[in-house]
Amino acid sequence: MSDGTTLSIKRSITVRAVVTPAWKEEAERELSTAIATTDQQLAQLEQEGQQVVDDVRRQSANPLDPRVQEQVAQVQQQVAAKRAELEEQKRNLLQQQAQVRELEMEQIVEQGQLESFCDVQVGDNLVSKMQVAVVVRDGVIESIEQG
Numbered sequence: 009m010s011d012g013t014t015l016s017i018k019r020s021i022t023v024r025a026v027v028t029p030a031w032k033e034e035a036e037r038e039l040s041t042a043i044a045t046t047d048q049q050l051a052q053l054e055q056e057g058q059q060v061v062d063d064v065r066r067q068s069a070n071p072l073d074p075r076v077q078e079q080v081a082q083v084q085q086q087v088a089a090k091r092a093e094l095e096e097q098k099r100n101l102l103q104q105q106a107q108v109r110e111l112e113m114e115q116i117v118e119q120g121q122l123e124s125f126c127d128v129q130v131g132d133n134l135v136s137k138m139q140v141a142v143v144v145r146d147g148v149i150e151s152i153e154q155g
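FYI, the numbering for the sequence shown is 9 to 155, going by the working numbering.
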């Protein structure tokens, strides 16, 4: 049934990086920046949350009114939920930073995914066509591995 028909399909390509001093430095810099950004977001969240609470209380004739207290509690609950989310994000970043520091030179690590298209036809091994990885050293492709 080989009629020469080809089909173009989309596939994911795994990008693997060789750990080098430059790669490690860049990874640590990116993680440090992300941690600092998360810290800034946490500080801003606290400040804005307190501002909203103060505004709610100030605009009310009676700050002890149960409806005002309920509004304040809702704001505080939203702030607490967002704070927990940001703290979890920061914990993950710190964990990644520790993992990067533990990596040894020349070790190969997964860095992400790309998508590409490839042509397939009758008789091709689909699994092998779908399993593709690119190994990169300091941004330069070192090898292309096909399943």
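All C-beta atoms, glycine included, are put in the ideal place defined by N, C-alpha and C.
Computed from a predicted structure; not experimentally measured.
{"Asked": "Quick one, are the C-beta atoms of V108 and A35 less than 9 Å apart?", "Found": "yes"}
{"Asked": "Report all residues from its chain with a CB closer than 6 Å to the CB of I149; omit the five preceding and five following residues, and keep chain order.", "Found": "V142"}
{"Asked": "Return the CA-CA distance between Q59 and Q84, expressed in angstroms with no decimal places.", "Found": "11 Å"}
{"Asked": "Answer with buried or exposed for L39, where buried requires no fewer than 16 other C-beta atoms within 10 angstroms of its C-beta.", "Found": "buried"}
{"Asked": "With distances taken from CA atoms, which of S20, Q48 and T14 is nearest G155?", "Found": "S20"}
{"Asked": "Could you tell me if L72 is buried or exposed, where buried requires 16 or more neighbouring beta carbons within 10 angstroms of its beta carbon?", "Found": "exposed"}
{"Asked": "Under 9 Å, do Q121 and T22 count as touching if we go by C-beta distance?", "Found": "yes"}
{"Asked": "Under 9 Å, do R24 and Q119 count as touching if we go by C-beta distance?", "Found": "yes"}
{"Asked": "Tell me whether K47 sits in a helix, a strand or coil according to DSSP, three-state version.", "Found": "Here residue 47 is Asp; the residue named in the question, Lys, does not match the sequence. Here D47 sits in helix by DSSP."}
{"Asked": "From this set, S68, N133 and K137, which residue's C-alpha is nearest S124's C-alpha?", "Found": "K137"}
{"Asked": "For V80, collect the residues of the same chain with a Cβ closer than 8 Å to its Cβ; drop the 5 residues on either side in sequence, then sort them by chain order.", "Found": "V61, V64 and R65"}
{"Asked": "Could you tell me the boundaries of the beta strand (DSSP E) in which E93 lies?", "Found": "It is not in any beta strand (DSSP E) - E93 instead sits in the alpha helix (DSSP H) that spans P74 to E110."}
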